[in-house]
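Asks: No gaps in the numbering here: position 82 of the sequence shown is 82 in the numbering used here, and each next residue is one more. Below: one structure in structure tokens.
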Amino acid sequence: MNRDIAMLEEQEHRLVLGQFTYDDAWALGSLLVELARERNAPVAIDIRRGGQQLFHAALPGSSPDNDAWIDRKRRVVERYGCSSYLVGSRFRAKGTTFEDSSRLDPDRFAAHGGSFPIAVTGAGVIGSVTVSGLPQRDDHALVVAALERFAGR
């Protein structure tokens, strides 16, 4: 469990961007759509900066439930400043669950994989990129794969 946490923390440390513009949101979102289609992933995708939604896509097989999950996972990133998967993993490492110990409404917050902070050098966390529709580990991995490719361009 601690190795998983260390890996998740390393991803966040490594995937800090130099900037994040409206055009960057479109490029990252389009890349996520491309990767999801390659995998036939029935996901919804959301990218936010501050309080503004900059990108949203719903692929075949996704549902309105995915949008509700996106909102719940995104709120965890906004509250904790790190990925929803990392937050949930930290609670599990303590022998508890986010739902049992966070004191946050589970109808509004979900520490399940799939939402990742958009961090910019010198500014910190400025937004989030979220995927919903796959098992949580796969949602998280899809976002990380897209960010790695996006950051390496």
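Where is the CB? At the ideal position from N, CA and C, for every residue including glycine. Just so you know, these numbers come straight off a predicted model, no measurement behind them.
1. Using the Cα positions of M7 and D107, report the straight-line distance between them to the nearest angstrom.
2. Can you tell me whether H13 is helix, strand or coil according to DSSP?
3. On the DSSP letters alone, give me the boundaries of the beta strand (DSSP E) that G29 sits inside.
4. Kindly give me the distance between the Cβ atoms of I47 and A25, rounded to whole angstroms, as I take these residues to be in contact under 8 Å.
5. Leaving out five residues before and five after A36 in sequence, what residues of the same chain have Cβ atoms less than 6 Å from its Cβ?
6. Could you tell me if T130 is buried or exposed, where buried requires 16 or more neighbouring beta carbons within 10 angstroms of its beta carbon?
Replies: Straight from the coordinates:
1. Approximately 28 Å, taken between the alpha carbons.
2. In the structure shown, H13 falls within a helical segment according to DSSP collapsed to helix, strand and coil.
3. From DSSP, G29 is part of no beta strand (DSSP E) but of the alpha helix (DSSP H) over Y22 to E38.
4. 5 Å
5. V43 and L59
6. buried
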